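Peer 1: Got a structure here, written out as structure tokens. Questions coming.
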Amino acid sequence: MAGLRLVTVRTSAGEPVLDAGNGEELAQVLPAVSLVLGNHPPLSPGTLYVTTRQVVWLSDTDKEKGYAVDFCHISLHAVSRDPEAYPSPCIYAQAVLILSLMKH
Numbered sequence: 104m105a106g107l108r109l110v111t112v113r114t115s116a117g118e119p120v121l122d123a124g125n126g127e128e129l130a131q132v133l134p135a136v137s138l139v140l141g142n143h144p145p146l147s148p149g150t151l152y153v154t155t156r157q158v159v160w161l162s163d164t165d166k167e168k169g170y171a172v173d174f175c176h177i178s179l180h181a182v183s184r185d186p187e188a189y190p191s192p193c194i195y196a197q198a199v200l201i202l203s204l205m206k207h
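The opening residue of the sequence shown carries number 104 in the numbering used here; numbering runs sequentially from there.
Written out as structure tokens, the structure reads:
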């Protein structure tokens, strides 16, 4: 399954593990970012990491909670400042979910 992935491993510095051997680099770090998945309430604040290949959100309070999505699986993204769409400014992103069906 591709798309949004659970991230439970971090470096000793608390950052996401990057694929440096294949050229992945950290491009941007944004602290104090809340994550909202679907219609669920926001998760506790965390840090958003933008690399040359993916976007990773890691919780600041639960060191085993994080999510990542590769850029190639983001089908739509937009900045929203419309309080009718969401109560605070946000970045809306939609990830493509690909399921592999196996024949028995």
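Just so you know, even glycine gets a beta-carbon here, dropped at the ideal spot from N, CA and C.
These numbers were taken from a predicted model, which means no experiment stands behind them.
Could you tell me how far apart the beta carbons of T155 and E128 are, in whole angstroms, since I believe they sit closer than 8 Å?
Peer 2: Indeed, because the Cβ distance is near 5 Å, the residues count as touching under 8 Å.
Peer 1: Given this structure, state the Cα-to-Cα distance separating Y152 from L138, to the nearest angstrom.
Peer 2: 12 Å
Peer 1: Quick one: give me the first and last residue of the beta strand (DSSP E) that T111 is part of.
Peer 2: Premise fails: T111 is in no beta strand (DSSP E) and is neither H nor E.
Peer 1: For D185, list the residues DSSP reports as bridge partners.
Peer 2: Per DSSP, none; premise fails for D185.
Peer 1: With distances taken between CB atoms, is the gap from F99 to V199 smaller than 9 Å?
Peer 2: The structure shown does not extend to residue 99, since the chain spans only 104 to 207, so no value can be given for it.
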